[in-house]
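Reading through the structure tokens given below for one structure.
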Amino acid sequence: MGDEPPTGSPFAQLDRLPPEVLAGLIAALDALAAQPEIQRVRRAAQTALLPLPGQRLLDAGCGAGEVARQLAALVAPTGEVVAADFSAAAVAIAALRHDGSRVRYAVGDMTALGFADATFDRVRSERVLQHLADPDAAVAELVRVTRPGGRVCLVDTDWESLTADGLPDELTAALRRHLAGGAGPQHRSMGRTLRRRLVRAGLVDVITEPITCCFTDPDDAATVLPMFDRRLPMPAGLVPDGMWEGWFAAVDAAAARGEFLAALTIWTATALRPT
Ligand SMILES: C[S@@+](CC[C@H](N)C(=O)[O-])C[C@H]1O[C@@H](n2cnc3c(N)ncnc32)[C@H](O)[C@@H]1O
Numbered sequence: 001m002g003d004e005p006p007t008g009s010p011f012a013q014l015d016r017l018p019p020e021v022l023a024g025l026i027a028a029l030d031a032l033a034a035q036p037e038i039q040r041v042r043r044a045a046q047t048a049l050l051p052l053p054g055q056r057l058l059d060a061g062c063g064a065g066e067v068a069r070q071l072a073a074l075v076a077p078t079g080e081v082v083a084a085d086f087s088a089a090a091v092a093i094a095a096l097r098h099d100g101s102r103v104r105y106a107v108g109d110m111t112a113l114g115f116a117d118a119t120f121d122r123v124r125s126e127r128v129l130q131h132l133a134d135p136d137a138a139v140a141e142l143v144r145v146t147r148p149g150g151r152v153c154l155v156d157t158d159w160e161s162l163t164a165d166g167l168p169d170e171l172t173a174a175l176r177r178h179l180a181g182g183a184g185p186q187h188r189s190m191g192r193t194l195r196r197r198l199v200r201a202g203l204v205d206v207i208t209e210p211i212t213c214c215f216t217d218p219d220d221a222a223t224v225l226p227m228f229d230r231r232l233p234m235p236a237g238l239v240p241d242g243m244w245e246g247w248f249a250a251v252d253a254a255a256a257r258g259e260f261l262a263a264l265t266i267w268t269a270t271a272l273r274p275t
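Positions 1 to 275 (the UniProt record's numbering) are the ones given, in order, by the sequence shown.
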């Protein structure tokens, strides 16, 4: 690691972060996994993925491996889930949580996977493409390692769908401008582009589902929407420094009036590799 603090999305470079920042991001993934709205998204993705007993699955960009462990129960007793992530630190944390289920943990870059063609029956990737410099290279790799007739399921956020109510319009507009100016993930509209990317990668029978997550409590919202998370240090950059106090005062006031509302659409897109 160099002396310069890393810039860009922290999720594109977990291994370059100080340990306490990494721990904070893993804790954020854990809080997100417990969030009912995210569980709703994951149920929809799992239904579309259709994992069956005996199959080989890949979760690419697995983070702490929560979903991989859930899927392992569905491919038991003879199937297997490979939980792969670019970050060796994330894979180490995921492996420490191994629960005896049929999950194998691997370090691997989604844009250059170390698996033979057609290795997997089912491949999924959740909220990873938005962080990548070349998301289509990653989609092509996911397709390459999927067997003909197998399924690829992508899940990603459309940050441009973020809406809020109960907050002063000028504050939400200023935050929107800040985010549009480059704060946050590299591909802010990734969710809505998933279908197109799968079509262009040659997949067929694409099923696309937009799921709008809605929050009426700022602490709930904070598990998915970092701009409502006041524990994040200012350098995380999602709320501009000069807006910090006014933003959270407005959020608290909206909550006190019972008027707080925030919503974000997360998309799932699932398709078949033609036989
Ligand atoms: C926002 S987290 C999502 C983790 C997990 N999919 C989830 O839904 O909780 C993004 C993950 O993608 C991983 N990642 C980033 N670039 C990657 C790449 N090129 N190949 C594989 N994983 C990557 C990060 O290390 C991180 O674990």
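By construction, the Cβ of each residue, glycine as well, lies at the ideal position given by its N, Cα and C atoms.
Predicted, not measured: the structure shown is a model, and the values here were computed from it.
Query	Result
Just how far apart, CA to CA, sit Ala45 and Ala88?	26 Å
So what's Asp99 in DSSP terms, helix, strand or just coil?	coil
When you compare only the Cα positions, how much space is there between Gly114 and Gly108?	7 Å
Ends of the alpha helix (DSSP H) at Glu66?	Glu66 to Val75
State the Cα-Cα distance for the pair Ala249 and Arg231, rounded to the nearest angstrom.	14 Å
Looking at the secondary structure, which residues open and close the alpha helix (DSSP H) in which Val145 lies?	No alpha helix (DSSP H) holds Val145; DSSP gives it neither H nor E.
Just to confirm before moving on: does the CB-CB distance between Ala164 and Thr172 stay below 7 Å?	yes
Would Ala106 pass as a contact of Ala94 if the rule is Cβ separation under 7 Å?	no
In whole angstroms, what separates the C-alpha of Leu25 from that of His131?	14 Å
For Pro210, report the span of its beta strand (DSSP E) as first-last.	Val204 to Phe215
For Glu126, count neighbouring Cβ atoms within 10 angstroms of its own Cβ and tell me buried if that reaches 16, exposed if not.	buried
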